[in-house]
Amino acid sequence: QSALTQPPSVSGSPGQSVTISCTGTSSDIGSYNRVSWYQQPPGTAPKLMIYEVSNRPSGVPDRFSGSKSGNTASLTISGLQAEDEADYYCSSYTSSSTFVFGGGTKLTVL
Amino acid sequence: EVQLVESGGGLVQPGGSLRLSCAASGFTFSNYWMHWVRQAPGKGLVWVSRINSDESTTTYADSVKGRFTISRDNAKNTLFLQMNSLRADDTAVYFCVRALVNAWGAFDIWGQGTMVTVSS
């Protein structure tokens, strides 16, 4: 199972919006609404930000939103804040009953 | 407080074995599917294995199938990962992870991780 494809890096200024894409195949993202997004600041464990494409766990700000179209999922962060600077990973359930992560995207807040 | 605490990591020679443990607290462990996810130094997250709540279903990534075994002891609120025939590319931080009930692949609680280094 190949990793999902994410851009290595994105950046934005405080207050702006950024979108991180996550491209898979018809065997994972394209077939299931089981896409999650994780935030990982340096040296810490990942934190669940979005699950089942667009659901936010309690405590996650509504500045974070998720969507999906075909084989590509997206995470949008609006009203960018300095504290949002971190690595972001997408993941999906697959037709092999396994899970696959993306390669990760480093978000820099300028 | 809901918590997962891994232990058992360390330095092992290629071909060797290691058993990781994950102690769960603050929630009803037996109700949840559990997973292991690893992260090589400076690299991304990689899903390793999962086990359902009553241990009747286990699944593995192709890279560890036949070498790693996931198990659990619900009476002791503990998850395990038996790792055999270890290779250099198994070197990583191993995270114990809880999955949300009725939300596949939503990994909501993560341990702090335990480092496994495979080297001669």
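Residue numbers (the working numbering), protein chains in the order written: chain A, 303 to 412; chain B, 1134 to 1253.
Glycine is no exception: its CB is placed at the ideal position from the N, C-alpha and C atoms.
- Message: Buried or exposed, going by whether 16 or more other CB atoms sit within 10 Å of the CB of residue 383 of chain A?
- Response: exposed
- Please go through the same chain and pick out, in chain order, the residues whose beta-carbon is closer than 6 Å to the beta-carbon of residue 1145 of chain B, but skip the five residues on each side of it. 1151, 1219 and 1251
- Item | Members of the stretch 1222-1251 of chain B that neighbour chain A once the beta carbon cut-off is set at 8 Å | 1228, 1233, 1236, 1237, 1238, 1239, 1240, 1241, 1243, 1244, 1245 and 1246
- Query: Just checking, does the stretch 361-375 of chain A make contact with the stretch 316-335 of chain A on the three C-beta pairs under 8 Å criterion?
  - Reply: yes
- Would you say residue 1178 of chain B reaches chain A, if we count a Cβ-Cβ gap shorter than 7 Å as a contact? yes
- Please state whether DSSP places residue 1163 of chain B in a helix, a strand or coil. helix
- In chain order, each beta strand (DSSP E) run of at least 3 residues that lies wholly inside the stretch 1143-1230 of chain B: 1143-1145, 1151-1158, 1167-1172, 1178-1184, 1191-1193, 1201-1206 and 1211-1216
- Query: The beta strand (DSSP E) with residue 312 of chain A in it runs from where to where?
  - Reply: 311-314
- Query: With a CB to CB cut of under 7 Å and the five nearest residues on each side skipped, what residues in its chain are close to residue 334 of chain A?
  - Reply: 394 and 395
- Query: Apart from the five residues just before and just after residue 1160 of chain B, which ones in its own chain have a Cβ nearer than 6 Å to its Cβ?
  - Reply: 1135
- Query: At a Cβ threshold of 7 Å, is residue 1202 of chain B touching chain A?
  - Reply: no
- Chain-order list of residues whose beta-carbon lies under 7 Å from that of residue 362 of chain A (same chain, five-residue window excluded): 351
- Item | DSSP beta-bridge partners of residue 263 of chain A | Because chain A spans 303 through 412 in this model, residue 263 of chain A falls outside it and cannot be assessed.
- Query: Looking at C-alpha atoms only, which residue of A/359, A/356 and A/379 is the closest neighbour of residue 315 of chain A?
  - Reply: A/379
- Query: Measuring CB to CB, does residue 387 of chain A end up less than 7 Å from residue 411 of chain A?
  - Reply: yes
- Message: Just to confirm the assignment: which complete beta strand (DSSP E) runs, minimum length 3, are found wholly within the stretch 328-381 of chain A?
- Response: 337-342, 349-352, 366-371 and 374-379
- Item | Chain-ordered chain A contacts of residue 1194 of chain B [CB-CB under 8 Å] | 303 and 400
- Message: Here's the rule: buried if 16 or more other CB atoms are within 10 angstroms of the residue's CB, otherwise exposed. What is residue 1139 of chain B?
- Response: buried
- Item | Beta-carbon proximity list for residue 343 of chain A, same chain, < 6 Å, skipping 5 on both sides | 388
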